[in-house]
DNA sequence: GGCAGACTGGATTACGCGTTCCAGTCTGCA
DNA sequence: TGCAGACTGGAACGCGTAATCCAGTCTGCC
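Here it is as structure tokens:
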């Protein structure tokens, strides 16, 4: 359940909605590349081919646009995450491969599309921070669901705590992405994910 | 080995050096609270009680000041880290307690003094990014040293990879801090650190 | 087919903030 | 005790950028 129906189309023409969408997507790309504060309204204006009055027709001000971007990124990332079946170690390994190669394809630039926003907005935009928190909760949820069915299927020991493992896995992912972004090398990301997979394996039921 | 001798005192009076130090420390605090881009030169000026010409006497421009802050934070954090003996599980648990209660005392504001800088600077200031990378390498090193001696002391299995574990632990810490900052709750941080400690324990030599 | 309101364009404004300038005072050293 | 250069103060400048304004055009609906 998203915070709202997919971006309240309160009296927006189909065309208007498309324009709005284009602005958000463009802004999301630019912000991912250059960060919130180094992406100017004018940058977005130019890249999305809209005039400033158009932009302010759809968004009250820059923070409002940024919040729309936050929701957009959360939807995109969590949506992509749901493609993976994390109810087995094999599934986790596949996911690990995907994440690492994705990061490598970006040359470790930008970090996590959501996580990097967290560092930039948490202390300056309370509203954005809460939206991010909701996004992460959803993300955590998808991992948790995988681990819980892993346990229900008897693949994970009963004593294991899938909820805590899910949260830790998300944290490891975020930290790995951050360090990889700083070092411009996927090694930290790999080490972090491998560690979590090792931990899950060590708590798997196979030996019981 | 830091990038430079502790901030080249090229022809600075003792008093001048103190002033410079005060500026950096003040800037570090403000940047930690509000982020790089929302901390203005004027904020620093006021809080540190210096005039703008003083500030520009010591630093070429804002990026130069920011870089000085990065080095300052890296020295502070890594220095503090070295107090802990991570050559035993007990040491790790003590460290875990310290980190969590520290974060709690800040009400989860600000995240990691170094890590949060990474997200803000990696894509905009190449130079700062590299300085951060060096800082993290030093930090990683202190954890690695602990794990290596843990292994040498026979507390960690020979098959374990202390270097990779150290990197993963640092990543888990960073991710935990980031998520805790966003959620304003220490749970993610605790889950991340506990997971790494569990992993290390599962690879300890006690059962061998 | 007309009109209300969604939508677009571009010029203009207002101001925050980094940076510079100049005119001084203090301080270590010969 | 003089003087070079480290150090300080505060006013002023100029640019980048968010935001506004007004003058339009398009579009769905009765």
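Chains as they are written, first to last, in our numbering: chain A, 1 to 208; chain B, 209 to 416. All residues carry an ideal CB built from backbone N, CA and C; glycine is no exception.
* Which ranges would you report for the alpha helix (DSSP H) in the stretch 287-334 of chain B if only whole runs of at least 4 residues count? -> 297-313 and 323-329
* Asked: When the cut-off is 9 Å and only beta carbons count, does residue 150 (chain A) lie next to chain B?
  -> no
* Pairwise C-alpha distance: residue 133 (chain A) and residue 290 (chain B) -> 32 Å
* Give every residue of the same chain whose Cβ lies closer than 7 Å to the Cβ of residue 34 (chain A), excluding the five residues on either side of it in the sequence, and list them in chain order. => none
* Asked: Are the C-beta atoms of residue 182 (chain A) and some chain B residue less than 9 Å apart?
  -> yes
* Partners in chain A for residue 395 (chain B), counting only beta-carbon separations shorter than 8 Å -> 167
* **Length of the line joining the Cα atoms of residue 276 (chain B) and residue 229 (chain B)** => 10 Å
* Asked: How about residue 129 (chain A) and residue 395 (chain B): are their beta carbons less than 9 Å apart?
  -> no
* Asked: Given a limit of 7 Å on CB to CB distance, which residues of the stretch 125-155 of chain A reach chain B?
  -> 129, 132, 133 and 136
* Return the residues of the stretch 89-121 of chain A that lie within a Cβ-Cβ distance of less than 8 Å from chain B, sorted by chain order. => 109, 110, 111, 115, 116, 118, 119 and 120
* Minimum C-alpha distance to residue 382 (chain B) - residue among A:164, A:54, A:159 and A:192 -> A:192
* What residues from chain A crowd round residue 410 (chain B), counting only those whose CB sits closer than 9 Å? -> 198, 199, 202 and 203
* Would you mind sorting residue 388 (chain B) into buried or exposed? The rule is 16 or more other CB atoms within 10 Å of its CB. => buried
* Kindly indicate which three-state DSSP category residue 373 (chain B) falls into: helix, strand or coil? => helix
* Asked: Pick from B:350, B:364 and B:385: whose alpha carbon is nearest that of residue 314 (chain B)?
  -> B:385
* **Where residue 12 (chain A) sits in the DSSP three-state scheme** => coil
* Counting pairs of beta carbons, one from the stretch 134-143 of chain A and one from the stretch 160-169 of chain A, are three or more of them closer than 8 Å? -> yes
* **Contact set between residue 283 (chain B) and chain A, taken where Cβ atoms lie within less than 8 Å** => In chain order: nothing, as chain A lies at least about 17 Å away.
* Reference residue 25 (chain A), options A:65, A:86 and A:90, closest by Cα -> A:65
* For residue 153 (chain A), the three-state DSSP class (helix, strand or coil) -> coil
* **Contact with chain A by residue 399 (chain B), beta-carbon distance below 9 Å** => yes
* To do: Could you tell me the distance, in whole angstroms, from the CA atom of residue 217 (chain B) to the CA atom of residue 264 (chain B)?
  => Because residue 217 (chain B) carries a pLDDT of 44, less than 50, the predicted location of this residue cannot be relied on, and the following value inherits that uncertainty. Whole-angstrom Cα-Cα distance: 16 Å.
* Asked: What span of residues does the alpha helix (DSSP H) with residue 412 (chain B) cover, start to end?
  -> Looking at the DSSP string, residue 412 (chain B) is not in any alpha helix (DSSP H), and its letter there is neither H nor E.
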